[in-house]
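For reference, the structure is listed below as structure tokens.
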Amino acid sequence: MTARRENHRENVAGRANVEDTAELHAYYDELERLQAAPLWTVANKIEPWQPQSASVPMLWRYRDLRDHVLRSLDLVTPEKAGRRVIYLDNPGRRDVAAAVGWLYSGLQVMRPGESASAHAHSASALRFIMEGSGAYTVVDGHRITLGRNDFVLTPNGTWHEHGVDASGTDCIWQDGLDIPLVNALEANFYAVHPDLKQAVGHPVDDVTKSWGHPGLLPDGADWSKPYSPLLKYEWAPTYEALTRYAAATDGSPFDGVLLNYVNPSNGGPVMATIGAAMQMLRPGERTRAHRHTGSVLYQAAKGSGYSIIGGRRFDWQERDIFCVPSWTWHEHANASDAEDACLFSFNDLPVMRALGLYREEAFGDNGGHQPQS
Ligand code: GTQ
């Protein structure tokens with residue numbers, strides 16, 4: 000029979016396994032003319048036994064990318080580019096510009112005195128500050144100062160603009176957005192602010208001054224928007240919280256000591272579609288492997304180590320970014336016996352959970368590690 004049609008047969012009871020015959024092919028031709036097709040030729044492909052990620056496990060080394068990112072300072076202006084960003088292009092996801100799964104990520108660079116025009120979109124966004132001083136963002140009129148390892152939100156629908164104070168230095172931060180997801184859902188709107196700039200309507204950093212106190216909420220706090228009012232999570236209190244938690248817990252066998260960034264008004268994820276975490280791998284720690292649905296993008300915020308992802312070992316240093324595709328075995332190790340290592344990560348787990356699609360599995364049951372290829 001001709002091989003011109005795909006026919007994904009499996010010799011398993013309950014799965015599609017229809018032979019190719021001339022009569023069937025003639026029938027398929029008739030269906031094709033009606034923009035229709037027989038399910039049984041594709042059923043085994045479109046209903047795999049388990050998630051089949053098209054994303055490739057990847058590590059982007061900062062020492063390889065940094066000079067190229069800085070070069071864009073001389074090559075394009077924020078005015079012409081809109082935003083000066085070099086994005087992470089997963090070889091399995093080029094068609095949707097994703098770094099992994101349905102998540103986009105890029106490295107944005109700005110000079111002192113520069114700013115990008117204010118805009119809003121249906122995609123939710125976050126930044127994780129990598130280097131430089133004087134960076135700020137304005138989110139719905141709240142001006143927010145940004146320092147190293149700070150994590151900031153620009154949720155779905157909010158006006159936002161980024162810049163670097165004239166007194167600052169060249170700044171680089173990681174952007175993370177759910178652009179591929181929102182495009183897959185065919186729900187993405189984009190707007191440029193009519194004035195290109197927002198009026199700042201609140202004291203600088205009022206978001207952290209109001210919402211950023213552990214265990215304390217403003218009296219009468221009334222927040223019903225579907226994202227965290229805190230907007231910025233600073234590095235110093237985050238690291239202190241990890242250190243204190245590490246003294247009180249054995250941690251997770253899969254993640255070490257992990258704290259999720261949450262919405263302080265309800266304990267939920269920071270945004271409806273994107274969750275984020277900071278985890279500490281204690282000196283000498285090596286975790287067990289597990290896998291779960293949902294995609295995760297990591298940035299090494301402190302220290303160095305390696306992760307084994309889908310059987311491949313990726314050695315990371317501070318500022319390197321790597322991804323774990325959905326349903327892929329992964330485990331992490333701190334390379335140092337003296338210092339802790341910290342991994343920032345963001346993910347689409349709120350989507351998986353909200354849609355009832357979250358699943359998780361431990362590798363083996365004897366504390367084993369996945370084989371490396
Ligand atoms: O600043 O919201 O890296 O809209 C890509 C698209 C950043 C942003 C990116 C965006 C943004």
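One point on numbering: in numbering that gives the first Met the number 0, the residue at position 94 of the sequence shown is 93, and numbering is uninterrupted. Yeah, the Cβ is synthetic: ideal placement off N, Cα and C, and Gly gets one too. All of these numbers come straight from a predicted model, not from anything done at the bench.
- The C-alpha of Glu330 is placed about 10 Å away from the C-alpha of Phe362.
- Every alpha helix (DSSP H) stretch that sits fully inside the stretch 56–138 and reaches 4 residues is listed by chain position as 61–74, 77–80.
- Counting along the chain, Arg32 sits inside the alpha helix (DSSP H) bounded by residues 21–32.
- Minimum Cα-Cα distance from Leu38 among the listed residues Pro179, Arg14, Ser121 corresponds to Arg14.
- Under the 10 Å beta carbon count, Asn10 is surrounded by fewer than 16 other beta carbons and is classified as exposed.
- Ordered by chain, the residues meeting the criterion of a beta-carbon within less than 7 Å of a non-hydrogen atom of the ligand GTQ are Arg82, Val84, Tyr86, Tyr103, Gly105, Gln107, Ala115, His118, His120, Ala122, Ala124, Thr153, His159, His161, Asp174, Leu176, Ile178.
- When DSSP states are grouped into helix, strand and coil, Asn333 belongs to the strand group.
- Sequence-distant Cβ neighbours of Arg311 in its own chain, meaning closer than 8 Å and more than five residues away, are Pro56, Gln371, Ser372.
- Under the DSSP definition of a beta bridge, Pro268 partners with Val261.
- One thing to note: Leu296 has its Cβ no nearer than 8 Å to the Cβ of Ala340.
- Using a 10 angstroms sphere on the CB of Trp48, the tally of other CB atoms stays under 16, which defines it as exposed.
- Around the Cβ of Gln51, a 10 Å sphere holds fewer than 16 other Cβ atoms; the residue is exposed.
- Contact between Val203 and Thr144 holds: CB atoms are separated by about 7 Å, below the 8 Å threshold.
- Taking C-beta atoms as the reference points, Tyr244 and Leu229 fail to come closer than 8 Å.
- Of the residues Pro282, Glu360, Thr292, the one whose Cα lies closest to the Cα of Ala337 is Pro282.
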